[in-house]
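Remarks on the structure that follows.
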Amino acid sequence: TGSLCSWDRKKDLHKITAPAFLIVGDHDIVFTADVRAMAILMPRSTFLELPNSGHAEYIDDPIGFVGNFSKWMQNVFVDNGDAIHRSTDKDVRITWNMWAAPRQV
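Per the numbering used here: the sequence shown = residues 1 to 105.
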């Protein structure tokens, strides 16, 4: 119930061209599939599902959150033109094993 239940902006997500980092915990109150679907529609988005976390990922896993967010920020501000990342960090809580939409040129 509520006044926003029928509000649907999916058709406009492709218009968001700024880099966006969409994070969801595997025990989050939002559905992982919904956040992933949003990321697919946003041309410069990055999606991360952070394990062992709820809706407050920065509290549930501060090392994983800060590590992944920091790496994402470094990529945004040091753009090498490649938005697909597959690597790991020395700290296993920093997965950096996420999917990112290819850059739109």
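Glycine included, every Cβ here is placed at the ideal spot set by N, Cα and C.
Do residue j and residue i count as a contact pair if the criterion is CB distance below 9 Å?
i     : j     : result
Ser53 : Asp60 : yes
Pro43 : Thr17 : yes
Ser3  : Ala20 : no
Leu22 : Ala39 : yes
Could you tell me the distance, in whole angstroms, from the CA atom of residue i to the CA atom of residue j?
i     : j     : result
Asp8  : Val66 : 31 Å
Val30 : Val24 : 8 Å
Gln74 : Ser6  : 37 Å
Lys15 : Leu48 : 21 Å
Asn68 : Tyr58 : 11 Å
Skipping 5 residues on each side, what residues in its chain have a beta carbon closer than 7 Å to that of residue i?
i     : result
Leu13 : Met38, Leu41, Met42
Arg36 : Phe47
Between the options, which has its C-alpha nearest residue i's C-alpha?
i     : options                   : result
Asp28 : Ser6, Ala56, Phe77, Met73 : Ala56
Leaving aside the five residues before and after residue i along the sequence, list all residues of the same chain whose C-beta is less than 8 Å from its C-beta, in chain order.
i     : result
Lys11 : none
Asp26 : Thr32, Glu49, Leu50, Pro51, Asn52, Ser53
Spatial neighbours of residue i within its chain, please: CB distance less than 6 Å, with the 5 preceding and 5 following residues excluded, ordered by chain position.
i     : result
Val76 : Pro19
Is there a Cβ from chain D that is less than 9 Å from the Cβ of residue i?
i     : result
Met38 : Protein chain content of the structure displayed is limited to a single chain, and chain D is not contained in it.
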